[in-house]
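Number of protein chains: 4
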Amino acid sequence: MTDLSAVKAALKSQRIETPSWAYGNSGTRFKVFRQEGVPRNPYEKLDDAAQVHAATGVAPIVSLHIPWDLTDDYAALSTYAKERGLTLGAINSNLFQDDDYKLGSVANADPAIRRKAVDHLLECVDIMDATGSHDLKLWFADGTNYPGQDDIVTRQDRFAEALAEVYARLGEDQRMLLEYKLFEPAFYTTDVPDWGTSYAHCLKLGEKAQVVVDTGHHAPGTNIEFIVAFLLREKKLGGFDFNSRFYADDDLMVGSADPFQLFRIMHEVAKNNGLAPETGVAFMLDQCHNIEAKIPAIIRSVMNVQEATAKALLVDLNALRAAQLAGDVLEANAVLMDAYNTDVRPLLAEVRTELGIDPDPMAAYRASGWASRIVSERVGGEQAGWGA
Amino acid sequence: MTDLSAVKAALKSQRIETPSWAYGNSGTRFKVFRQEGVPRNPYEKLDDAAQVHAATGVAPIVSLHIPWDLTDDYAALSTYAKERGLTLGAINSNLFQDDDYKLGSVANADPAIRRKAVDHLLECVDIMDATGSHDLKLWFADGTNYPGQDDIVTRQDRFAEALAEVYARLGEDQRMLLEYKLFEPAFYTTDVPDWGTSYAHCLKLGEKAQVVVDTGHHAPGTNIEFIVAFLLREKKLGGFDFNSRFYADDDLMVGSADPFQLFRIMHEVAKNNGLAPETGVAFMLDQCHNIEAKIPAIIRSVMNVQEATAKALLVDLNALRAAQLAGDVLEANAVLMDAYNTDVRPLLAEVRTELGIDPDPMAAYRASGWASRIVSERVGGEQAGWGA
Amino acid sequence: MTDLSAVKAALKSQRIETPSWAYGNSGTRFKVFRQEGVPRNPYEKLDDAAQVHAATGVAPIVSLHIPWDLTDDYAALSTYAKERGLTLGAINSNLFQDDDYKLGSVANADPAIRRKAVDHLLECVDIMDATGSHDLKLWFADGTNYPGQDDIVTRQDRFAEALAEVYARLGEDQRMLLEYKLFEPAFYTTDVPDWGTSYAHCLKLGEKAQVVVDTGHHAPGTNIEFIVAFLLREKKLGGFDFNSRFYADDDLMVGSADPFQLFRIMHEVAKNNGLAPETGVAFMLDQCHNIEAKIPAIIRSVMNVQEATAKALLVDLNALRAAQLAGDVLEANAVLMDAYNTDVRPLLAEVRTELGIDPDPMAAYRASGWASRIVSERVGGEQAGWGA
Amino acid sequence: MTDLSAVKAALKSQRIETPSWAYGNSGTRFKVFRQEGVPRNPYEKLDDAAQVHAATGVAPIVSLHIPWDLTDDYAALSTYAKERGLTLGAINSNLFQDDDYKLGSVANADPAIRRKAVDHLLECVDIMDATGSHDLKLWFADGTNYPGQDDIVTRQDRFAEALAEVYARLGEDQRMLLEYKLFEPAFYTTDVPDWGTSYAHCLKLGEKAQVVVDTGHHAPGTNIEFIVAFLLREKKLGGFDFNSRFYADDDLMVGSADPFQLFRIMHEVAKNNGLAPETGVAFMLDQCHNIEAKIPAIIRSVMNVQEATAKALLVDLNALRAAQLAGDVLEANAVLMDAYNTDVRPLLAEVRTELGIDPDPMAAYRASGWASRIVSERVGGEQAGWGA
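Going line by line, the protein sequences match chains U, S, G and Y. Numbering-wise, the first sequence is residues 25 to 412 according to this note's numbering. Numbering-wise, the second sequence is residues 25 to 412 according to this note's numbering. Numbering-wise, the third sequence is residues 25 to 412 according to this note's numbering. Numbering-wise, the fourth sequence is residues 25 to 412 according to this note's numbering.
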């Protein structure tokens with residue numbers, strides 16, 4: 025039997041990190057649809073993030089993206105966050121929107137461009153020092169579009185060299201989280217295309233380097249929970265970039281395309297101590313709300329992670345282990361499905377009430393009036409978007 | 025034995041249509057890298073297309089995209105084209121870059137937006153009348169991102185209604201070419217996701233409606249040449265949008281990712297009379313040259329189609345049929361591979377010499393000085409790009 | 025609001041057809057693991073099917089597979105079924121296990137083999153007359169492994185001819201259900217690879233020909249519920265072969281790999297009147313229980329279909345339509361997810377109690393002692409398996 | 025410019041290893057079509073392999089599969105091979121065809137089954153000692169079919185323990201080659217599903233453990249040449265299991281589905297010193313000739329590897345590097361494509377003539393009369409097949 029009070033305690037202490045860029049406009053290569061009331065600077069993004077935290081109670085951390093959240097006073101930004109009950113989370117680098125990076129950043133054939141790219145990463149560590157962030161999250165768009173365009177092995181050499189320099193710059197309490205992605209924007213090779221490549225680099229770099237699993241960055245058919253379990257066993261899972269997809273890197277709301285997969289992932293996390301703060305797994309969202317209202321979409325996403333976590337925590341691990349050891353395929357599967365088929369929304373409503381917030385986050389946000397307030401107040405200026 | 029003079033004649037009479045938008049800037053959702061010397065209006069696009077035709081001898085037709093190629097005098101544009109040995113080809117509609125189309129165009133729940141979308145399509149037929157174009161090429165971004173977002177069947181009803189109205193407007197000599205695409209920009213359902221859907225609509229509309237096969241628009245593992253053969257058997261193949269991809273709709277140069285696939289496609293085309301003008305198959309490119317120089321990339325793409333066509337024409341169909349009827353799997357495959365493994369570049373050099381052009385199109389373009397000329401001349405103004 | 029008594033009524037009248045072959049041994053190309061107590065003939069398969077029906081109350085129909093269920097007296101078999109509360113359902117042809125079919129059956133280049141294949145299909149209709157079955161279910165393994173091996177268009181011609189002959193033989197009350205499959209056992213082309221091909225053939229054959237959707241037979245990323253909705257709109261959905269998969273045609277228990285997908289499929293079915301008997305959609309299982317106990321796996325599969333159906337019936341269609349028409353993406357998605365997130369197991373327990381059966385089918389089966397009885401009784405003879 | 029005599033020398037010294045099982049019958053789960061004249065024991069398989077080597081001149085090594093090639097005197101088998109100009113290559117274990125392995129072998133929850141499995145692997149090393157084989161090639165079918173069926177992390181622990189015991193048993197000159205596979209026969213998790221998992225285990229085991237890349241074992245869209253290049257950089261590429269596929273692990277003749285991919289792979293091999301014997305990359309075939317004649321299919325496969333290798337050797341690496349460093353995307357691609365588009369069959373004919381064999385291996389085999397001889401002589405007994 026599962027201990028319900030322990031389940032509730034785990035749900036209350038869960039922390040989900042929301043990304044500053046999800047509050048701004050985003051889109052596909054065909055069109056970015058602009059929404060009214062979208063924030064125009066990092067401060068307004070924090071205001072929106074505070075609404076998400078107010079509604080859910082478990083989203084007090086906000087990832088920044090440099091230079092999208094460039095400011096001349098990160099200490100002030102950090103203070104602004106704290107005043108709203110938030111802390112600044114991972115610092116995300118951006119090495120894909122400068123014209124120099126057309127053929128790559130740290131893997132570019134041109135040493136001057138590599139230097140510029142590494143300098144940007146070092147600057148991100150400076151910002152971490154200023155914000156008190158612990159995680160440098162690295163996603164590289166580097167790769168090639170055509171066979172022959174560049175040399176795979178030489179690019180790995182360049183990558184290894186750049187990562188080593190940045191790793192050496194990390195402080196005691198700082199980590200490097202290395203993301204991988206199958207493809208896009210590179211369409212033939214990507215320099216860090218899969219968990220194996222990220223893992224191999226992290227292994228050589230050292231303990232402070234860990235792998236980030238973005239749930240939308242895999243080839244069709246990849247078993248993501250296997251990767252999660254494997255990395256936890258190797259103590260190399262640094263965190264998640266949560267989102268969901270039916271096709272490629274669609275960046276839909278996490279849990280919206282395959283909620284059972286999200287549950288299976290959280291089952292591996294929960295079973296392998298990944299929810300414990302000392303394991304150091306960061307639960308981050310990385311999504312694009314192209315057509316839906318952004319703040320409620322993020323609230324919904326946080327709720328989806330919570331529901332998957334709650335179900336994962338309800339798995340009767342003793343019964344599961346017993347069936348597994350007995351080789352009872354159907355019973356082992358049934359134990360897992362029992363938890364998945366449970367409606368955990370009443371449990372989460374209780375958890376919220378005990379946290380002192382509204383049991384229904386979506387209703388609470390609707391009632392807050394924030395949506396109409398930002399539409400009327402945020403007029404003029406340039407709305408934040410990818411590249412804004 | 026293959027009749028070489030017939031092969032040469034077929035290669036000389038082949039017509040490849042290049043798209044006006046491939047001459048302009050394009051990119052991914054992460055970044056559009058701008059290139060120097062890119063055309064700033066439809067006239068300059070035609071200038072560039074004329075270079076491609078001069079170098080290859082088989083690319084005299086240019087597809088337009090409305091409103092990217094909007095002009096107030098299509099007759100003048102058409103004359104401008106003719107003066108450069110070009111003709112205006114398919115008119116491509118655009119129903120995805122207006123804010124109204126966030127939730128769809130002809131399938132939108134809002135009847136006013138549907139009206140607006142249909143009016144745009146009717147306007148495109150007006151433009152066809154003005155340019156003398158025969159083909160209305162329709163690609164719809166319509167779809168949904170989330171389960172439940174809209175009703176699949178209702179959207180089909182709206183689609184059928186819109187297509188019928190536009191079909192009724194077509195002149196004697198005009199066709200509607202209906203493209204399909206698995207996904208992007210819609211990430212859950214797409215309203216015309218596969219050839220079956222396009223085929224079913226075209227069948228109901230009538231003989232003037234035909235399917236367009238974009239080689240990048242399929243699910244992984246889809247056998248495209250099967251679709252091509254099936255549609256030719258049904259007299260429903262209106263044409264191709266050629267490009268290539270390793271992953272999703274990468275829009276790389278046709279033949280660059282899987283040249284053997286392109287050969288297999290052209291083999292079905294050639295064998296089933298698809299190269300004959302009376303069959304009416306339009307051979308169009310639809311590509312995005314995000315990081316490579318645009319004009320030479322298009323020249324290279326035209327050459328890739330030519331090489332695949334040449335190899336397809338070299339297949340010894342009598343030997344192939346004999347092996348097939350004998351059930352000799354290895355021999356039948358060997359007959360096909362013999363043609364594929366042939367180096368057809370000398371043959372194509374001969375064809376070009378006989379056409380009175382340089383046997384080496386890439387060298388001819390380099391020698392023309394056009395690349396540096398446009399960089400120095402096309403200064404100021406807004407370079408053409410998606411949405412420009 | 026949803027009318028619960030109507031939901032219950034629909035659940036009580038649902039009919040799920042189980043396949044005789046799922047009760048026998050099956051496996052992968054690497055190994056067929058034999059299980060004890062597996063039936064040795066069609067009669068014992070019916071005995072097992074009767075257990076599934078006894079436990080679930082909604083599985084009274086059994087599909088046969090010819091020649092795996094060959095018998096010299098189908099009337100006797102039919103009577104045997106009736107005595108156990110069962111009826112004989114679809115007759116499945118087998119055109120892939122005879123040495124003659126190495127290079128195809130109805131699409132074989134050899135006319136004598138085509139004749140033999142068509143004769144088998146006609147024999148299946150004879151058997152339908154004897155058993156009172158209404159559905160001839162056709163799945164063809166026909167295809168090729170290597171480019172060039174055979175001619176795609178010629179094979180379609182042979183297919184069309186064979187299907188037409190069989191169609192002409194159908195009685196008033198009989199249907200031809202044509203299945204499609206992306207690949208396997210053919211590895212280059214498959215002659216009926218997708219719904220579009222099946223649909224096109226059915227359209228030409230006439231009203232008695234309809235498409236069967238096997239949920240495991242699609243390319244990665246294919247939106248199956250779109251196909252289901254489209255075919256329902258066209259009145260061409262004849263039925264389902266239910267199973268599930270993570271990769272290719274894995275034939276796992278339906279609902280075990282992606283229960284949300286199964287729900288979305290049943291949502292389209294329910295919304296588009298597909299549950300009404302007059303629509304004629306057959307809900308069949310087609311699974312291989314390679315490593316798990318067969319009878320309880322089938323019971324579990326039936327329950328999975330019931331749970332997905334129950335959730336689909338709980339969707340508040342009025343609220344859904346309202347949100348869709350309002351363009352409220354998040355709300356429309358939320359209405360759908362509300363139903364999916366409901367725990368319908370208590371509702372189904374009620375339905376079973378009202379049907380007069382045990383509310384817990386798995387427990388009921390365990391309590392029946394059937395599992396140990398067949399192990400002790402079914403000794404000697406050849407256990408039924410694929411090809412047995 | 026490429027040095028042609030060096031290219032020829034490399035082609036003459038290339039060694040391709042053919043697998044004993046490819047000479048026997050194989051098939052899909054639906055049917056194994058039996059061919060006449062197929063070998064009935066390991067000695068007859070060697071006779072067939074000798075024909076392949078006689079025709080191609082580069083296939084003197086034969087992999088064995090235990091227990092399919094079980095014999096009571098491996099020294100005698102080895103002598104038999106030598107007398108025919110052959111040597112015995114990798115020893116392949118088989119841990120998937122015993123009933124005990126239904127739920128896994130070295131990862132089974134039952135310690136007695138794990139013991140049995142490890143003992144089989146140790147026996148394979150004993151056989152290596154007897155045959156003089158240097159490579160133990162391990163492919164495991166271990167995995168699960170249903171979520172919850174077994175514990176991912178615990179299974180990794182069992183795997184690590186078993187591999188370590190076998191690794192410790194290896195002699196000085198012996199290697200462990202660890203294969204990975206996305207799926208099949210396991211349909212939910214596979215215990216070694218990707219190169220990353222294999223690499224991580226090999227790294228811990230030590231220098232004698234290396235990764236095997238089976239070209240058919242990846243998720244759709246995986247860039248195999250990237251993996252090859254990465255493993256060569258890490259000195260962890262032990263060898264290839266060559267075959268090709270359009271869909272899943274189709275085991276078609278290598279180079280038949282995507283010859284350009286095979287070329288790209290061989291380009292990485294050639295460029296990164298992978299053809300040098302001291303690098304230790306084993307070039308093995310692993311194919312199933314389900315419908316085509318087996319010996320000529322293997323000859324053809326060897327030729328396909330040779331053609332890809334020849335093209336790879338023709339790449340002008342200096343020109344390639346220059347274009348890459350200059351960031352000239354189109355030129356770098358063109359250099360690569362120049363080599364690919366070359367017809368290397370005349371060059372290979374020369375190589376064969378210089379080796380003293382027929383320039384046309386397929387014609388030589390046809391002329392040998394071997395095909396009809398084995399049909400008439402190999403009558404009676406049980407033909408070898410998977411599991412025979």
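Quick reminder that beta carbons are idealized off the backbone N, C-alpha and C, glycines included.
- Per DSSP, the beta-bridge partners of U/Gly167 are U/Thr214.
- A contact is defined here as three or more CB-CB pairs under 8 Å, and the stretch 320 to 332 of chain U meets this definition with respect to the stretch 365 to 373 of chain U.
- Taking 8 Å as the cut-off, the beta carbon of Y/Leu379 is found closer than this to the beta carbon of Y/Lys36.
- Secondary structure of S/Glu41 (DSSP, three-state): strand.
- For the set G/Ala73, G/Gln198, G/Tyr170 and G/Gln59, the Cα lying nearest the Cα of G/Ala233 is the one of G/Gln198.
- Pairing G/Leu338 with G/Ile40 gives a Cβ-Cβ distance that is not under 8 Å.
- DSSP places G/Asp143 in the uninterrupted alpha helix (DSSP H) bounded by Pro135 to Thr155.
- Within the stretch 159 to 171 of chain S, the residues whose Cβ lies closer than 8 Å to any Cβ of chain U are, in chain order, Ala165, Asn169, Tyr170 and Pro171.
- Identification of chain Y residues near S/Ser280 by a Cβ-Cβ cut-off of 9 Å yields Asn357 and Met361, ordered along the chain.
- With fewer than 16 other Cβ atoms from the protein chains shown falling within 10 Å of its own Cβ, S/Gly195 counts as exposed.
- Across the stretch 109 to 133 of chain Y, CB contacts with chain G closer than 9 Å involve Phe120, Gln121, Asp122, Asp123, Tyr125, Lys126 and Leu127, in sequence order along the chain.
- Assignment of beta strand (DSSP E) within the stretch 65 to 127 of chain U, counting only whole runs of 3 or more residues, yields 85 to 89 and 111 to 116 in chain order.
- Taken atom to atom, the span from the alpha-carbon of G/Leu202 to that of Y/Thr168 is near 32 Å.
- The beta carbons of Y/Gly48 and Y/Ile85 sit no closer together than 8 Å.
- Against S/Asn365, the close residues of chain Y are Pro283, Glu331, Asp367, Val368 and Arg369, in the order they occur along the chain (beta-carbon pairs closer than 9 Å).
- A direct Cα-to-Cα measurement between G/Asp124 and Y/Glu406 gives close to 21 Å.
- Residue pairing of S/Gln285 in beta bridges, as defined by DSSP: absent, with no partner found.
- Contact annotation for U/Glu316 against chain G: Val353 and Leu354 [CB-CB distance below 7 Å, chain order].
- Nearest to Y/Asn314 by C-alpha distance, out of Y/Val31, Y/Thr95, Y/Ala33 and Y/Arg53, is Y/Arg53.
- The Cβ atoms of G/Met290 and G/Gln311 do not sit closer than 8 Å to each other.
- Taking the Cα positions, S/Asp71 is about 22 Å away from S/His158.
- The C-beta of Y/Glu68 comes no closer than 8 Å to any C-beta of chain U.
- In the three-state DSSP reduction, Y/Asn357 falls in the helix class (H, G or I).
- Per DSSP, the unbroken alpha helix (DSSP H) holding G/Leu344 starts and ends at Leu341 to Leu349.
- The shortest CA-to-CA distance from U/Ala74 to any of U/Asp97, U/Ala100 and U/Lys106 is the one to U/Lys106.
- Under a criterion of Cβ atoms nearer than 9 Å, the residues of chain U adjacent to G/Phe270 are, in order, Gly245 and Asn247.
- Taking 8 Å as the CB threshold, S/Glu147 stays off the interface with chain U.
- In this structure, the alpha-carbon of U/Leu349 lies about 10 Å from that of U/Ala343.
- Counting only Cβ-Cβ distances below 7 Å, S/Arg324 has contacts in chain Y at Leu354, in chain order.
- For U/Asp181, the enclosing alpha helix (DSSP H) covers residues Ile176 to Arg193.
- Between Y/Glu292 and Y/Phe284, the alpha-carbon positions lie close to 13 Å from each other.
- None of the residues of the stretch 178 to 204 of chain U has a beta carbon lying less than 7 Å from any beta carbon of chain S.
- Among the CB atoms of chain S, one or more fall inside 8 Å of the CB of U/Leu276.
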